[in-house]
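Read through the structure below, which is laid out as structure tokens, and then see the notes.
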Amino acid sequence: MSTQRVRPIEQYFPTEPWLEQYRRAINESDDYAARSAGWGVDFDGSFVFQIEDVPLETTTLAGLPPEIVDAIEDEFSDRSADAIEPIVEAAPADVRERIDAREGALEDRLTAELCRTTIADLPARTWPELLAAVPDIFEDLTVQATENVVDGTVYSYLDLYDGECRGVEVLTEPDEHEYGFRLAGEYETWTKLVRGDGGIVDMLMAGELELDGDIQRLLQYSDAAVGLADVAADVDSRFLF
Numbered sequence: 000m001s002t003q004r005v006r007p008i009e010q011y012f013p014t015e016p017w018l019e020q021y022r023r024a025i026n027e028s029d030d031y032a033a034r035s036a037g038w039g040v041d042f043d044g045s046f047v048f049q050i051e052d053v054p055l056e057t058t059t060l061a062g063l064p065p066e067i068v069d070a071i072e073d074e075f076s077d078r079s080a081d082a083i084e085p086i087v088e089a090a091p092a093d094v095r096e097r098i099d100a101r102e103g104a105l106e107d108r109l110t111a112e113l114c115r116t117t118i119a120d121l122p123a124r125t126w127p128e129l130l131a132a133v134p135d136i137f138e139d140l141t142v143q144a145t146e147n148v149v150d151g152t153v154y155s156y157l158d159l160y161d162g163e164c165r166g167v168e169v170l171t172e173p174d175e176h177e178y179g180f181r182l183a184g185e186y187e188t189w190t191k192l193v194r195g196d197g198g199i200v201d202m203l204m205a206g207e208l209e210l211d212g213d214i215q216r217l218l219q220y221s222d223a224a225v226g227l228a229d230v231a232a233d234v235d236s237r238f239l240f
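For the sequence shown, the residue numbers in numbering that gives the first Met the number 0 are 0 to 240.
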């Protein structure tokens, strides 16, 4: 069993609360402010970070960070069969049938069914009685998967201007807001960037990220781009996948 405790939702990348935490970190960084002075002045400095191939279809609940899985398992192991039975009875018919077809104690069968569910399927395979029984992080993740991942992609918008981030938002499509720059790359590339194992400019040059925007302008402010990656690396983050 993991000894780590479930963290607040804002520490789990790539959720919208994480993006808001990133915004705060940008605005608290004197180093970033110095590096990016003038960025976005007289031109649109906003970014869309396009995070592709988020593995919702292939990641099951059991594949999430172990502290989340352990918290859910502990919740049901601490309940009696009499307490769990009404939760199972309220489940969608297909979910209830699969739970009933399993062997073992009721809490183990319910946990096993949840753990085999992919993150993409969570919205269709959860129900109010279940959400009331599990840790809040479970419902938070279900909302994130439902609302913020579009065809396996997260579009994170950052309004960057003259050393500060004036706002962030997860978009349903990249053109929902006008933007000056769009960086696109696979989920694994973005996790590498957030961990501090790479920089925006280096990843562009290596073809790991693709840019929609003025590359010469970005290179002119390469220190600002490096500063964005440095701030991300300093954010206390856990990776959902």
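Even glycine gets a Cβ: it sits at the ideal position worked out from N, Cα and C.
Only a predicted model underlies this, so the values are computations on that prediction, with no experimental measurement involved.
- In the three-state reduction of the DSSP assignment, Glu102 falls in the coil class.
- The beta carbon of Gly44 sits closer than 7 Å to those of Trp38, Leu159, Tyr160, Gly179, all from its chain and outside the five residues before and after it, given in chain order.
- Between Leu192 and Leu203, the beta carbon gap of about 11 Å keeps them out of contact (Cβ cut-off 8 Å).
- Taking the C-beta atoms as reference points, Ile118 is found nearer than 8 Å to Ala144.
- Residue nearest to Ala223 within the set Pro134, Tyr31, Ile8, Pro7 is Tyr31 (criterion: CA-CA distance).
- In the displayed model, Asp150 falls within coil according to three-state DSSP, outside both helix and strand.
- In the DSSP assignment, Ile67 falls within the alpha helix (DSSP H) that extends over 65 to 76.
- Closest in C-alpha terms to Asp41, from the list Ile136, Asp73, Asp93, Arg216, comes Arg216.
- From the listed residues Tyr11, Glu9, Ala33, the smallest Cα separation to Ser221 is found for Ala33.
- Look at Asp29 here: in three-state DSSP terms it is helix.
- With a 10 Å radius around the Cβ and a threshold of 16 neighbouring Cβ atoms, Ser35 comes out buried.
- Sequence-distant partners of Val200 (beyond 5 residues in either direction) whose C-beta falls short of 8 Å from its own C-beta, in its chain, are Leu217, Leu218, Ser221, Ala224, Val225.
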